[in-house]
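> Residue numbers (this note's numbering): 1168 to 1667.
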RNA sequence: GGGGGGAUGGUCUAACCUGGUAUGAUACCAGCUUUGGGAGCUGGCGAUCCGAGUUCAAAUCUCGGUCCCCCCA
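(1) My understanding is that residue 1652 touches residue 1595, with C-beta atoms under 8 angstroms, so please give their C-beta distance in whole angstroms.
(2) Quick one: any contact between the region 1365-1379 and the region 1476-1487, if contact means 3 or more CB pairs under 8 angstroms?
(3) Mind checking which residues open and close the beta strand (DSSP E) that includes residue 1592?
(4) Sorted by chain position, which residues of the same chain lie with C-beta nearer than 8 angstroms to residue 1655's C-beta, five sequence neighbours on each side aside?
(5) Rounded to the nearest angstrom, what separates residue 1463 and residue 1522 at their Cα positions?
(6) When you compare the CB positions of residue 1486 and residue 1536, do they come within less than 8 angstroms of one another, or not?
(7) Hey, how far is the Cα of residue 1297 from the Cα of residue 1341?
(8) Using the Cα positions of residue 1638 and residue 1248, report the straight-line distance between them to the nearest angstrom.
(9) Count the CB pairs spanning the region 1411-1429 and the region 1389-1396 that are closer than 8 angstroms, and state whether there are at least three.
(10) Taking 8 angstroms as the threshold (C-beta atoms), are residue 1450 and residue 1546 in contact?
(11) Around the Cβ of residue 1180, are there at least 16 other Cβ atoms within 10 angstroms (buried) or fewer (exposed)?
(12) Considering Cα atoms alone, identify which of 1275, 1279 and 1321 is closest to residue 1290.
(13) Given 8 angstroms as the limit, is there contact between the region 1430-1441 and the region 1349-1360, that is, 3 or more CB pairs closer than that?
(14) So residue 1443 and residue 1230 are in contact, right, with Cβ under 8 angstroms, and what is the actual spacing, rounded?
(15) Any idea which residues DSSP pairs residue 1341 with across the strands?
(16) Which residues mark the beginning and the end of the beta strand (DSSP E) in which residue 1630 is found?
(17) Can you have a look at residue 1331 and say buried or exposed, based on whether 16 or more other CB atoms are within 10 angstroms of its CB?
(18) Opposite residue 1531 in the DSSP bridges: which residues?
(19) Using a Cβ-Cβ cut-off of 6 angstroms (strictly less than) and excluding sequence neighbours within five positions of residue 1256, which residues of its own chain qualify?
(20) Which same chain residues, not among the five before or five after residue 1424, have their C-beta less than 8 angstroms away from its C-beta?
(21) Based on Cα-Cα distance, which residue from 1631, 1575, 1421 and 1206 lies nearest to residue 1599?
(22) So, helix, strand or coil for residue 1219, using DSSP?
(23) Where DSSP assigns a beta bridge to residue 1643, which residues make up the other side?
(24) So who's on the other strand from residue 1664, going by DSSP bridges?
(25) Considering residue 1492, what are the terminal residues of the alpha helix (DSSP H) in which it resides?
(26) Between the alpha carbons of residue 1465 and residue 1328, how many angstroms are there, rounded?
(27) Are the CB atoms of residue 1455 and residue 1261 nearer to each other than 8 angstroms?
(28) Going by Cα to Cα distance, which pick from 1319, 1626, 1620 and 1419 is closest to residue 1383?
(29) Pop quiz: residue 1589 and residue 1607 are said to be a contact at Cβ under 8 angstroms. What is the actual Cβ separation, rounded to whole angstroms?
(30) With a 10 Å radius around its C-beta and 16 neighbouring C-beta atoms as the bar for buried, classify residue 1338 as buried or exposed.
(31) Between the Cα of residue 1223 and those of 1213, 1207 and 1212, spot the shortest distance and give me the residue it belongs to.
(32) Nearest to residue 1316 by alpha carbon, out of 1270, 1278, 1246 and 1263?
(33) Note down, in chain order, each residue of its chain lying with its Cβ closer than 6 angstroms to the Cβ of residue 1263, except the 5 sequence neighbours on either side.
(34) Rounded to whole angstroms, what is the Cα-Cα separation between residue 1197 and residue 1363?
(35) Can you find the residues in the same chain that come closer than 8 angstroms, C-beta to C-beta, to residue 1187, ignoring five residues on each side of it along the sequence?
(36) Using CA coordinates, which residue listed in 1446, 1468, 1380 and 1299 is at the minimum distance from residue 1404?
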């Protein structure tokens, strides 16, 4: 009896990766990165990882999706140098103060010591806006909306984690200039909509946009809005952020135009930065399970894998031929398809492709050949209910249907998990209690203006909770509530969470 | 930033305390065999993070560096 049980447990461990991502998130994450061959941390520069083909393919697809969305919204692509002269970097005071501790500097080239140090861009405001100053002469040059897909470098002092926080990461930065403040504010709203369209609707990552407190703004910005999502360990991860820069940078970089009265006006600016590599990290963590990663259908490097099941007794050639014809049919539908003809056994192949998140698997053995059908198995379903027998002539319709259903289930699971991790608290005791089981907690709070920072610091020091800000466009205001820290009148509801 | 743990074939690991021919598994290559949930047999390739010190002798002891992981800020 005992032996039998041990055997069953061992068999189970062998079949699945079998790590509970809620209970043991770090282990789960490190294991999928390795087993699914997403990244390689053996590269010998701290905080820099190698992104392997399986992840790189998805990241490229994500870039394409985001770039399309930006161009639909009137942004044009640009490509700027990664090196920024020190004197550019020093122009906007708040910006320098915020970024200086994280900048990598190039000081030498060959044997020569450079006369002027060059920053490896941590973000490109200071590279782009001097060019904006040249490009923008009159109102005819406005609005200016550009984006670039690139990598940036930041010397992170916090613990690094592949994709979540690296010293070199991959993002898109969009920068704009407008004649009026109103247009700039509209742009910020458009940035949030783009985030909704891409990060939620395409990547299936739920989030909330917060207006960040005064003490947590982008260096040099008037206002910062950022999307937060929750990881399986209940910590928040910041996704795209958009910043109302006002005229801080345009005045510093002299970006202006002559108005109809012949007077000089400075432009109103915004910038927006979705970190694609980080969003990728969030995506695999949100959708993954005990078998490995999962991705929304469109973003899988491989949509469908075909596994031949050959047996000695029957004509292997017949099965192989059938597999090839099915492969051809499905490829012609436009799906990224692989026919796995490696020497491994079927069970090995199931696990291999499941850990990588291939959403649809097709099994073909003698049974299928004789009936003119295929067995279709879905990645996110349990073994017992995952297999369907489908006739070849129905495949096109069936795959389209199943892909759609797969995405719907992915989205529903993500939303349910996200909402299940949110709650509210009206006293410090309640907050302390709920912080154990929830991610984002809504509390009445004195203020996200500078004078609320003391209360925020208290929550950070005592409970490791960060004030993420007020929910953007959330009309809900506390009525006759007291700040749960200082007991003064609560001006707003803020959300607090442990953060990465 | 603080604390802790660690680095041995591609991966995991034994030997480290008590210095003396580096263990096993897996992966990989070849052959045979097998294939409906990680098959088996035989043979083969392959490693002590870097630098200095102690010593007849260092994976092992000492110091410095690099990198990784975990917990906390």
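We treat Cβ as the ideally placed atom computed from N, Cα and C, and that holds for glycine. Since the model is a prediction, treat every value here as computed from it, not as a measurement.
In short, the structure shows the following:
(1) Sequence index remark: in the first chain, residue 1652 carries index 485 (1-based). Sequence index remark: in the first chain, residue 1595 carries index 428 (1-based). Their Cβ separation, rounded to whole angstroms, is 7 angstroms, which keeps residue 1652 and residue 1595 in contact under 8 angstroms.
(2) Under the three-pair Cβ rule at 8 angstroms, the region 1365-1379 does not count as touching the region 1476-1487.
(3) Residue mapping note: residue 1592 aligns to position 425 of the first chain, counting from 1. Note, residue 1592: premise wrong, no beta strand (DSSP E); not H, not E.
(4) Locating residue 1655 in the first chain gives position 488, where the first residue counts as 1. Non-local beta-carbon contacts of residue 1655 in its own chain, meaning distances under 8 angstroms to residues more than five positions away in sequence, involve 1613 and 1649 in chain order.
(5) Taking the first residue of the first chain as position 1, residue 1463 is located at position 296. Taking the first residue of the first chain as position 1, residue 1522 is located at position 355. Rounded to the nearest angstrom, the gap between the Cα atoms of residue 1463 and residue 1522 is 14 angstroms.
(6) On the first chain, position 319 is the one that residue 1486 refers to. On the first chain, position 369 is the one that residue 1536 refers to. In this structure, residue 1536 lies closer than 8 angstroms to residue 1486 by Cβ.
(7) Position 130 of the first chain, counting from 1, holds the residue named residue 1297. Position 174 of the first chain, counting from 1, holds the residue named residue 1341. One C-alpha to the other measures close to 15 angstroms.
(8) Walking along the first chain from the start, residue 1638 turns up at place 471. Walking along the first chain from the start, residue 1248 turns up at place 81. Going from the Cα of residue 1638 to the Cα of residue 1248 covers about 36 angstroms.
(9) By the Cβ test, the region 1411-1429 is in contact with the region 1389-1396, since at least three Cβ pairs between them sit closer than 8 angstroms.
(10) Indexing the first chain from 1 puts residue 1546 at position 379. Indexing the first chain from 1 puts residue 1450 at position 283. Not a contact, by the Cβ cut-off of 8 angstroms.
(11) The residue given as residue 1180 occupies position 13 in the first chain. Only weak support is given to the placement of residue 1180: the predicted model assigns it a pLDDT of 40, under 50, and the value that follows is read from those uncertain coordinates. That one is exposed.
(12) The count along the first chain starts at 1 and reaches residue 1290 at position 123. Looking at the Cα atoms, 1321 is the closest of the given residues.
(13) Yes, since at least three Cβ pairs between the region 1430-1441 and the region 1349-1360 fall closer than 8 angstroms, the two stretches touch.
(14) If you number the first chain from 1, residue 1443 lands on position 276. If you number the first chain from 1, residue 1230 lands on position 63. Sure, about 6 angstroms apart at Cβ, within 8 angstroms.
(15) One-based indexing of the first chain puts residue 1341 at position 174. BP columns for residue 1341 point to 1314 and 1439.
(16) By 1-based counting over the first chain, the position of residue 1630 is 463. Premise fails: residue 1630 lies in the alpha helix (DSSP H), 1620-1630, not in any beta strand (DSSP E).
(17) Residue 1331 sits at position 164 when you count from the first residue of the first chain. Counting the other Cβ atoms within 10 Å of the Cβ of residue 1331 gives 16 or more, which makes it buried.
(18) Against the first chain, residue 1531 aligns to sequence position 364. DSSP, once it has assigned bridges, lists 1475 as partnering residue 1531.
(19) For the purposes of this step, residue 1256 is taken as the residue at position 89 of the first chain. Only 1286 and 1293 meet the Cβ criterion.
(20) Counting from one through the first chain, the residue named residue 1424 turns up at place 257. So the qualifying residues of the chain are 1303, 1304, 1305, 1306, 1308, 1309, 1346, 1431, 1432 and 1434.
(21) Working through the first chain from its first residue, we reach residue 1599 at position 432. Restricting attention to 1631, 1575, 1421 and 1206, the CA atom closest to the CA of residue 1599 is found in 1631.
(22) Translated into the one-based positions of the first chain, residue 1219 becomes position 52. The answer is coil: DSSP assigns residue 1219 none of H, G, I, E or B.
(23) For the purposes of this step, residue 1643 is identified with residue 476 of the first chain, where counting begins at 1. DSSP output for residue 1643 lists no bridge partner at all.
(24) Locating residue 1664 in the first chain gives position 497, where the first residue counts as 1. Residue 1664 pairs with 1633.
(25) By 1-based counting over the first chain, the position of residue 1492 is 325. Where residue 1492 is concerned, the enclosing alpha helix (DSSP H) starts and stops at 1483-1500.
(26) Here residue 1465 is taken as the residue at index 298 of the first chain, counted from 1. Here residue 1328 is taken as the residue at index 161 of the first chain, counted from 1. Near 26 angstroms, if we compare the C-alpha coordinates of residue 1328 and residue 1465.
(27) Your numbering for residue 1455 matches position 288 in the first chain. Your numbering for residue 1261 matches position 94 in the first chain. No Cβ-Cβ contact shorter than 8 angstroms links residue 1455 with residue 1261.
(28) Translated into the one-based positions of the first chain, residue 1383 becomes position 216. Selection 1319, 1626, 1620 and 1419 evaluated against residue 1383 yields 1620 as nearest (Cα-Cα).
(29) In the first chain, counting from the first residue as 1, residue 1589 sits at position 422. In the first chain, counting from the first residue as 1, residue 1607 sits at position 440. About 5 angstroms; that satisfies the 8 angstroms criterion.
(30) Position 171 of the first chain holds residue 1338. In summary, residue 1338 is buried, with 16 or more beta-carbon neighbours lying within 10 Å of its beta-carbon over all protein chains present.
(31) In the first chain, counting from the first residue as 1, residue 1223 sits at position 56. For the residues 1213, 1207 and 1212, the minimum Cα distance to residue 1223 belongs to 1207.
(32) Position 149 of the first chain, counted from the start, is the residue given in the question as residue 1316. Ranked by how close their Cα comes to the Cα of residue 1316, the residues 1270, 1278, 1246 and 1263 have 1246 in first place.
(33) Here residue 1263 refers to the residue found at position 96 of the first chain. 1257.
(34) On the first chain, residue 1197 is found 30 positions in, with the first residue counted as 1. On the first chain, residue 1363 is found 196 positions in, with the first residue counted as 1. C-alpha separation (whole angstroms): 29 angstroms.
(35) Stepping through the first chain from its first residue, residue 1187 is reached at position 20. Excluding residues within five positions, the ones whose Cβ falls inside 8 angstroms are 1195 and 1457.
(36) What you label residue 1404 is simply residue 237 of the first chain in a count that begins at 1. The candidate whose alpha carbon is nearest that of residue 1404 is 1446.
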